[in-house]
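Everything on this sheet refers to the single structure shown next.
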Amino acid sequence: NQIQNVNTVSNFQGSLPGPSSSPPAFPVRREKENTPSAANEASPFPLVAMLEAENYFLKKELQEALDSAKKLSSSFSFRHIEGSDEKIVLHTGLPCRDVFMCLYELMDSFQLNYFYGWAVVNMPKIDQLLLTLMKLRLNLVNDDLAIRFNISSKTVANIFYTWLYALHEIIFKNIMKEIPSRNKNKLCMPTCFNNFTNCRIILDCTEIYCHQPKNMEKQKATYSSYKHRNTLKGLIGVAPNGVVTYASKLYPGSVSDKKIVKHCGILEQMVPGDLIIADKGFLISDLLPPGVSLNIPPFLTTAQFTPQQVIQTRTIAKARIHVERAIRRIKCYKILSLVPASLVKHSSYVFQVCAALTNFQYPLIREVEDLYRNEDE
Numbered sequence: 001n002q003i004q005n006v007n008t009v010s011n012f013q014g015s016l017p018g019p020s021s022s023p024p025a026f027p028v029r030r031e032k033e034n035t036p037s038a039a040n041e042a043s044p045f046p047l048v049a050m051l052e053a054e055n056y057f058l059k060k061e062l063q064e065a066l067d068s069a070k071k072l073s074s075s076f077s078f079r080h081i082e083g084s085d086e087k088i089v090l091h092t093g094l095p096c097r098d099v100f101m102c103l104y105e106l107m108d109s110f111q112l113n114y115f116y117g118w119a120v121v122n123m124p125k126i127d128q129l130l131l132t133l134m135k136l137r138l139n140l141v142n143d144d145l146a147i148r149f150n151i152s153s154k155t156v157a158n159i160f161y162t163w164l165y166a167l168h169e170i171i172f173k174n175i176m177k178e179i180p181s182r183n184k185n186k187l188c189m190p191t192c193f194n195n196f197t198n199c200r201i202i203l204d205c206t207e208i209y210c211h212q213p214k215n216m217e218k219q220k221a222t223y224s225s226y227k228h229r230n231t232l233k234g235l236i237g238v239a240p241n242g243v244v245t246y247a248s249k250l251y252p253g254s255v256s257d258k259k260i261v262k263h264c265g266i267l268e269q270m271v272p273g274d275l276i277i278a279d280k281g282f283l284i285s286d287l288l289p290p291g292v293s294l295n296i297p298p299f300l301t302t303a304q305f306t307p308q309q310v311i312q313t314r315t316i317a318k319a320r321i322h323v324e325r326a327i328r329r330i331k332c333y334k335i336l337s338l339v340p341a342s343l344v345k346h347s348s349y350v351f352q353v354c355a356a357l358t359n360f361q362y363p364l365i366r367e368v369e370d371l372y373r374n375e376d377e
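Going by the UniProt record's numbering, the first residue of the sequence shown is number 1, and it counts up by one from there.
Here you go:
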């Protein structure tokens, strides 16, 4: 046994490699290469699970994209009306597509601060402007607009108040911040003002119905003895060419025209030589700055007007009719048909924006419109 063990050791030592010997012929385990085929051969189930998960999420993203596209195609948008000026007038009050786009480009550069603090990103800005104008023009309830535009009622409110205040900042405060001078008015003075060439502005007040407030003091303040209802009252000023150049904030309906003129600050913009044309209810002669004159129809103090007074009354009426027509245009925005309690705190902004929007319509006076057309030609 010892001899056999020695031979075994000798045989083993003889098989050891020397300096120039070749590697031993031991069985060597080789690691499989890191290849997809190797991975599949090793454990196919994890890879299949990964592919199935990836496939699931891709299908989910595709379905969401299809749902979003379907939602956009079914919701109301500007593309539904842009091909028809009649539809644009109906929904927005603006006369045509070009005017709508002009207003949109004017507003597009304005940084919006959303009313509720969160931005509306899933609806194009052009459709947000459309929604706001539809609310003003048609007085649609928020739930109706939410269905039309496939958004929530809260989003409708967020869009409307945001764009209302943005429009007020741009087209009212920035554009209508100053009343045009007499010299500017003379550039397009209609013939009916030939006897009033120094007219700066024509004034009149208008009343808008509102819901009866619950507070008794507010009920009394808003009750109009003229309309026999609860109203809000605002002052409108129109240039001789029919352009609305002034709109006050809204006051309780019981406030007199004189108090509104005194409080709103319009007289601070008048300069010596200016003429104000108004209705006989505007007894504001004692409020006028030095050099500013007032022309109102004469009061009947005798059995009948004299021929001169009749002519004067008719002449003033021809000039005053334009402010009444301008007010009718403003009230075409049906949101002013009845102000609900929820809108009272925003009502002055609504009133002033609607007044400013009428200036985007075609000229009120045909003579002025013909003058503009002749200049274009």
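We put the beta carbon where it would ideally sit given N, CA and C, even for glycine. None of the values given here were measured: they were computed from a predicted structure.
Just tell me which of the options has its CA closest to the CA of residue i.
i	options	result
Ala119	Ala146, Phe160, Phe351	Phe160
Leu294	Ile277, Ile321, Asn122	Ile277
Ala166	Met107, Gly265, Val99	Met107
Arg320	Ile284, Phe196, Pro252	Phe196
Leu187	Arg325, Glu82, Cys199	Cys199
Pro289	Ile296, Lys280, Leu283, Asp274	Asp274
Lys258	Gln269, Ile147, Trp163, Asp279	Asp279
Ile284	Gly93, Asn359, Val261, Val271	Val261
Val271	Asn158, His228, Glu178, Tyr362	Glu178
Thr358	Ser342, Cys332, Lys345	Cys332
Leu112	Trp163, Gly83, Ala157	Trp163
Gly281	Thr206, Asp144, Leu136	Thr206
His91	Leu58, Met134, Phe100	Met134
Leu94	Leu287, Asn185, Gly117, Arg329	Arg329
Phe110	Gly83, His168, Arg148	His168
Ser342	Leu250, Lys60, His211, Met50	His211
Arg314	Ile126, Asp127, Lys60, Phe193	Phe193
Val344	Gln269, Pro363, Leu250	Leu250
Pro252	Lys125, Asp127, Thr132, Val339	Val339
Gly117	Pro124, Ala157, Leu287	Ala157
Pro124	Lys87, Ile147, Arg79	Arg79
Arg366	Tyr349, Arg325, Val99, Pro213	Arg325
Looking at the secondary structure, which residues open and close the beta strand (DSSP E) in which residue i lies?
i	result
Asn295	293-295
Arg79	No beta strand (DSSP E) contains Arg79, which DSSP labels as neither H nor E.
Asp204	199-209
Ile260	Element bounds for Ile260: not the beta strand (DSSP E) but the alpha helix (DSSP H), 257-264.
Ile277	275-277
Kindly examine the ligand FMN and report whether one of its heavy atoms sits closer than 6 Å to the Cβ of residue i.
i	result
Val350	You won't find the ligand FMN in this model; it holds no ligand whatsoever.
What three-state label does DSSP hand residue i in the structure shown?
i	result
Val339	strand
Asn230	strand
Leu94	coil
Val244	strand
Leu288	coil
Asn5	Only weak support is given to the placement of Asn5: the predicted model assigns it a pLDDT of 46, under 50, and the value that follows is read from those uncertain coordinates. In this structure, Asn5 counts as helix in the three-state DSSP scheme.
Leu112	coil
Tyr56	helix
Tyr104	helix
Val238	strand
Pro252	strand
Leu51	helix
Asn194	coil
Glu178	coil
Would you mind reading off the limits of the alpha helix (DSSP H) that contains residue i?
i	result
Lys125	125-138
Ile147	142-149
Leu164	153-167
Leu357	347-357
Lys218	216-222
Lys184	182-185
So, are the CB atoms of residue i and residue j less than 7 Å apart?
i	j	result
Leu203	Gly242	no
Leu138	Tyr104	no
Leu336	Ile208	yes
Pro180	Ala239	yes
Ser254	Ala221	yes
Asn142	Ser75	no
Leu235	Cys264	yes
Ser77	Asp127	yes
Thr231	Ser224	yes
What does the Cβ neighbour count give for residue i, buried or exposed, with the cut at 16 atoms within 10 Å?
i	result
Leu352	The sequence given here has Gln at residue 352, not Leu. Answer is buried; the Cβ neighbour count reaches 16.
Arg102	Strictly speaking, residue 102 in this sequence is Cys, with Arg absent from that position. Looking at its Cβ environment, which holds fewer than 16 other Cβ atoms inside 10 Å, Cys102 is exposed.
Met216	exposed
Thr191	exposed
Asn122	exposed
Asn174	exposed
Glu33	Residue placement at Glu33 is flagged as unreliable, the pLDDT there being 49, under the threshold of 50; a coordinate-derived value is accordingly withheld.
Glu31	Below a pLDDT of 50, predicted positions are generally treated as unreliable, and Glu31, at 49, falls in that range; no measurement from the model is reported.
Val48	exposed
Leu140	buried
His228	exposed
Phe57	exposed
Asn185	buried
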